[in-house]
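Novice: Numbering (the working numbering), first residue to last: -9 to 422. One structure coming up, written as C-alpha cells, with questions to follow.
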C-alpha cells in the first residue's frame, strides 16, 4: 500500500511502508520498486484529463455552459478528496486520481474560458487570470507545509478532510452566486458547435503560433512533472532528509511561481510576451540542470525558486495571450478556414492549453519512472534542461518567421514589440 501525500494532485511521498522500514533500518533503497508506482499514480490523473479536455472544451462547455460544468467539476473534486481520505489501497488511490482528473478538466478549461468570455478587454482579462494563476501557486504554497504537518502529527486523512470542507463551502458559494442556467451566448455557442463539429479544436491547434505556445507550456511543465514523483525518492536515497523536509522541498518553486504570476505581467506586456517566454523557458532549462547537483536539501532552494519563477513568467505571458490570439483569429475577415464564433473558441483553445499540461503530467512521469532505472535521475533532469534551453531560441525564431498578419490584425509583430500598458494598474505589479 502506498502512503498518500497530503495534498491531492501533488503526490510527493508515495513510498510504501515496507520501503520506509528499510530506510529506517538502513537497508538499500529500491528506486525501481517505487518510481513506477508513483509515476503511475501521478500519470493516471493526467491521462484522464488528456481524454476529457477536448470533451469539456468542445462539448460540455457549450452544451451545459461554463458555470454548470465548473459546478460539476467541483463535485468531482469533492468525491476525489473523500476517496483520498478513506482510501487504504493503491487501487482506491488510482480511482481517486482519475476522478480528480475529471474535475480538474472541468474547472481548469471552463474556468479560464469563463474569464476570457466575461472580460473581453485584454487588461481586465489579464488581471483576473493573474488572480487565478496566483491562487494556484498560493494553494500549493500553503498546501505543501500544511499537508506535511498534518500528515506527520495528525493523520494521513486530515488534509483531505479539510479540503472537503473547503469544497463544500465552494459549492455553497456557487449555488448562491452562479446562475447555472445557460444564457443566450452559451446557447449560440452550442449551435455553433453543432454547425462546425469538432473541427474548431483541430483548426486552432493547426495554427502555428498556438501550436508553438502549447509546446512551450508542455516543455516547461514537464520539469515539474518529473520532479514531483522522482525528486523525493532521489532525496531519500541520496540525501536522507527528515520526513517533514519532504513536505517543504517544493515550497521554493511555489514561491517563485507565485511571484512570477503576480509581478511580471507588466514587464512581459511591455517587453513582449514571446521575449519574456523565451527568457523564462531558458531559466527553466538552467534550473533543471542545476537541481541534480544539490548536495543538501537547502541547496535546492535557489534552483527550485528559479524553476517556479520561470514557469510562472511563462504562464503569465502566454495563458492570457491565448484568449487574445483567439479573438484576433475569429475577427480576421480574411481567414476563411476559421469562420467560427469567438466565444466558442475559448473552450477549445484552453482545452489545447490544458492538454499540453496533461501530456506533460501523463507521459513524462511514466517514461521518467521507467528511464530512471537505466539513465538515473541526474541524467534525466540534465537532458530535460538542455531541451528546454534549446527550445527558447527555437520559439523566438519560429515566431519571427511566422506571418502574424492574419492573427494579430494590423500588428504582425505584436508579441515581439514593446507595447504600452496604458493607464491602468496591472494586478501583477502588487499583491493586494
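The beta-carbon is built from N, C-alpha and C at its ideal position, and this holds for glycine as well. Given the structure is predicted, the values throughout are model-derived calculations rather than measurements.
1. Helix, strand or coil, according to DSSP, for residue 279 in the structure here?
2. Rounded to the nearest angstrom, what separates residue 231 and residue 132 at their Cα positions?
3. Kindly indicate the opening and closing residues of the alpha helix (DSSP H) around residue 249.
4. Just checking residue 283 against the ligand ADP - is the residue's beta carbon closer than 6 Å to any of the ligand's heavy atoms?
5. Taking the alpha carbon of residue 48 as the point to measure from, which residue in 335, 156 and 82 has its own alpha carbon closest?
6. Can you check which of these residues, 210, 137, 348 and 377, is closest to residue 436 by C-alpha distance?
7. On the DSSP letters alone, give me the boundaries of the alpha helix (DSSP H) that residue 378 sits inside.
8. Determine whether the beta carbon atoms of residue 124 and residue 248 lie at a separation below 7 Å.
9. Give the straight-line distance between the Cα atoms of residue 148 and residue 42, rounded to the nearest whole angstrom.
10. In angstroms, rounded to a whole number, what distance separates the CA positions of residue 206 and residue 130?
11. Pairs of beta-carbons, one from the segment 58 to 65 and one from the segment 351 to 370, closer than 8 Å: are there three or more?
12. Drop a sphere of 10 angstroms on the beta-carbon of residue 167, count the other beta-carbons inside from all chains shown, and report buried for 16 or more, exposed for fewer.
13. Using a threshold of 7 Å, state whether the C-beta atoms of residue 94 and residue 39 are closer than that.
14. For the segment 50 to 58 and the segment 75 to 87, state whether three or more C-beta atom pairs, one from each stretch, are separated by less than 8 Å.
15. Whose C-beta lies closer than 7 Å to the C-beta of residue 422 among residues of the same chain, with five residues either side of it excluded?
16. Whole-angstrom Cβ separation of residue 203 and residue 128, contact assumed at under 8 Å?
17. Report yes if the C-beta distance between residue 210 and residue 292 is below 7 Å; otherwise report no.
18. Could you compute how far the alpha carbon of residue 278 sits from the alpha carbon of residue 285?
19. Cβ atoms of residue 208 and residue 471: under 7 Å apart, would you say?
20. Secondary structure at residue 51, three-state DSSP: helix, strand or coil?
21. Could you check what DSSP says for residue 15 in three-state terms: helix, strand or coil?
22. Secondary structure at residue 227, three-state DSSP: helix, strand or coil?
23. Applying the criterion that 16 or more other CB atoms from any shown protein chain within 10 Å of the CB defines a buried residue, is residue 108 buried or exposed?
24. Out of 221, 72 and 140, point me to the one whose CA is closest to residue 155's CA.
25. Classify residue 42 as helix, strand or coil using the three-state DSSP reduction.
26. Excluding sequence positions up to five away, which residues of its chain have a Cβ less than 6 Å from the Cβ of residue 372?
27. Quick one: what's got a C-beta closer than 6 Å to residue 316's C-beta in the same chain, skipping five residues either side?
28. Out of 271, 223 and 369, point me to the one whose CA is closest to residue 381's CA.
29. Judging by CA-CA distance, which residue of 281, 276, 352 and 343 is the nearest neighbour of residue 88?
30. Could you give the DSSP three-state label for residue 21: helix, strand or coil?
Specialist: With the given structure in hand:
1. helix
2. 21 Å
3. 241 to 253
4. By its list of ligands, the structure shown contains no ligand whatsoever, and the ligand ADP lies outside what it can speak to.
5. 335
6. In the structure as shown, the chain begins at -9 and stops at 422. Residue 436 is therefore absent and cannot be evaluated.
7. 367 to 391
8. yes
9. 29 Å
10. 22 Å
11. no
12. exposed
13. yes
14. no
15. Its pLDDT being 33, under 50, residue 422 is placed unreliably in this model, and the value from its coordinates should be taken loosely. Around residue 422: no qualifying Cβ.
16. Residue 203 to residue 128, Cβ: 25 Å. No contact.
17. no
18. 15 Å
19. Beyond the ends of the chain as shown, which are -9 and 422, falls residue 471; an answer cannot be given.
20. helix
21. Reliability of the predicted coordinates at residue 15 is poor, the pLDDT of 46 falling under 50, and the value obtained from them is presented with this limitation in mind. Reduced to three states, the DSSP call for residue 15 is helix.
22. helix
23. exposed
24. 72
25. helix
26. 279
27. 335 and 339
28. 271
29. 352
30. Low local confidence applies: a pLDDT of 47 at residue 21 is under 50, so the model's placement there is unreliable, with the coordinate-based value given in what follows. It is helical.
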